[in-house]
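Encoded as C-alpha cells, the structure appears first; notes follow it.
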C-alpha cells in the first residue's frame, strides 16, 4: 500500500502486479522451452551411435515446446488485453469477457494456495464505464481475497444484473467481517468512488455493485 | 578443481513446473549426475529426510512452502546439503536473500545448463570440504 494513494497509483499498482505475475510465469515457460531445446541438442549429439535418435523422445520434447508456446501466448494475450483497458477513459465491454480476463490473471496465485476458483456470468451483459479502474478493482479485489484465503478454500465469482445495476459477488470462507472492514478501509475505495460503485456483504460474500450503463 | 566422478554427485531438484524438472533432471542424468525431482517444498523435505542429496536445486516460488522456507529448514536440519536457488524474478534481490540465508549460489531462469553444472560441482566440493 502507498502512504498517500491516488487513483493513478492504485491503477499502476494493479498493472504492476499483473505485469510481475505474467513476466514471472513467462520466465517459467521459457525455462521449459530452453530445457527441451537443449534436450533436442543432446539427443542429436547422442544420435551418432548405432541406435540413432529416439523419435519418441524428439516428439515428446517438441510437443512440450509447442505446449509452452501456447501457454506463453495465452499469458501475453491476457497482458495485452489488460493493458488496452487504459486506451480510453470510458468504454463498453462484456462483463463475461472482463471476468474471463481477470480471473485467469490470478490462477497462479490461487493455485499456490490450492484455492478452487469458479466464475459465472451470463454472456449477454455489457457495461459502459471506466474500464481501467474496473479491471484494476476486480483484479486487486481478487488478489486480496486470495491473499487472505486459507489453503484448499473455494472462491466463487458471480457477475450479473439486478435492479438495473451490474454486480460482481465474491464468495469465500475467508470473507469475514474483519476482511470486509479492512476492505472498506482499503485504498481500493478510490476505484470504487471513480466507478460510483458500492459494497455490500453477507455471509462470507462481498458484492460490488456498479452504476455504469448496462446493456443487454 | 572438478569432482573426479560425477556419478557420486546426488542432486535433488525442487520446482513446481513438472515439465521443467523432468527435462532438467533428464539432461543432468545424461551428464552423469544422480538426479531426483520433486514438485513442491513439502515433497522436497520428505525426499531429503528419506535420502539426503549432496546438492539441492531449489525454486523460490512453490505452492505449500516457499523456497526460502525449505532453505531455512534444510540449513537447520541437514546443513551439509548445499542449496542452489533457482529464481524467475527479474531482479537479483530474491537470489541474494537466499544466499544471505545460507544458499550456496543462485541461478536465474531460463537456466544456462553449463553454468548450473559448474555451480553444482562447486557446491558439492564445498560440501565435502566442510
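Protein chains in written order, with the working numbering: chain A, -9 to 206; chain B, 1079 to 1208. Note that CB positions come from ideal geometry on N, CA and C, so glycine has one too.
Residue 22/A: contacting residues in chain B (beta-carbon distance under 8 Å): Near residue 22/A (Cβ distances below 8 Å), the residues of chain B are 1095, 1097, 1098 and 1101.
Residue 138/A - DSSP class collapsed to helix/strand/coil: For residue 138/A, the three-state secondary structure derived from DSSP is helix.
Closer than 8 Å to chain B by CB, residue 101/A: At least one chain B Cβ lies under 8 Å of residue 101/A.
Touching by the beta-carbon criterion (3+ pairs, under 8 Å), the segment 1112 to 1125 of chain B and the segment 43 to 55 of chain A: No contact exists between the segment 1112 to 1125 of chain B and the segment 43 to 55 of chain A.
Reduced DSSP secondary structure (H/G/I, E/B, other) of residue 189/A: Note: residue 189/A maps to strand in three-state DSSP.
Short CB-CB distance (under 8 Å) between residue 1207/B and chain A: For residue 1207/B, the answer is no, since every Cβ of chain A falls outside 8 Å of its Cβ.
Start-to-end residues for the beta strand (DSSP E) that takes in residue 150/A: From DSSP, the beta strand (DSSP E) with residue 150/A extends over 144 to 152.
With 16 other Cβ atoms within 10 Å as the buried cut-off, status of residue 1182/B: The residue is buried, with at least 16 neighbouring Cβ atoms inside 10 Å.
Assigned exposure category for residue 167/A - 16 Cβ within 10 Å defines buried: Per the 10 Å Cβ criterion, exposed.
Nearest-angstrom Cα separation, counted from residue 1104/B out to residue 192/A: C-alpha separation (whole angstroms): 52 Å.
Beta carbon of residue 108/A nearer than 8 Å to that of residue 146/A: Cβ atoms of residue 108/A and residue 146/A: closer than 8 Å.
Amino acids of chain B, ordered along the chain, whose beta-carbon sits closer than 9 Å to that of residue 14/A: Chain B residues near residue 14/A: 1139, 1166, 1167 and 1168.
Proximity test, Cβ basis, 8 Å: residue 28/A and chain B: Yes, because at least one Cβ of chain B sits closer than 8 Å to the Cβ of residue 28/A.
Touch test, the segment 110 to 117 of chain A against the segment 136 to 153 of chain A, Cβ-Cβ under 8 Å, three pairs minimum: Because the criterion of three Cβ pairs below 8 Å is met, the segment 110 to 117 of chain A and the segment 136 to 153 of chain A touch.
Whole-Å CB distance - residue 1118/B paired with residue 1155/B, under 8 Å assumed: The Cβ separation is near 17 Å, so there is no contact.
Chain A residues whose Cβ lies nearer than 9 Å to that of residue 1187/B: Chain A residues near residue 1187/B: 17, 18, 20, 21 and 24.
Three CB pairs or more closer than 8 Å across the segment 122 to 137 of chain A and the segment 179 to 190 of chain A: Touching, yes, given that three or more Cβ pairs across the two stretches are closer than 8 Å.
Residue 54/A at chain B interface by Cβ criterion, 8 Å: At least one chain B Cβ lies under 8 Å of residue 54/A.
Residue closest to residue 1162/B, alpha-carbon to alpha-carbon, out of 1194/B, 1096/B, 1106/B and 1140/B: Of the listed residues, the one whose Cα sits closest to residue 1162/B is 1194/B.
CB-CB length for residue 1148/B against residue 1198/B, believed under 8 Å: Actually they are not in contact, since the Cβ atoms of residue 1148/B and residue 1198/B sit about 17 Å apart, beyond 8 Å.
N- and C-terminal bounds of the alpha helix (DSSP H) containing residue 1/A: Unbroken alpha helix (DSSP H) run through residue 1/A: -3 to 36.
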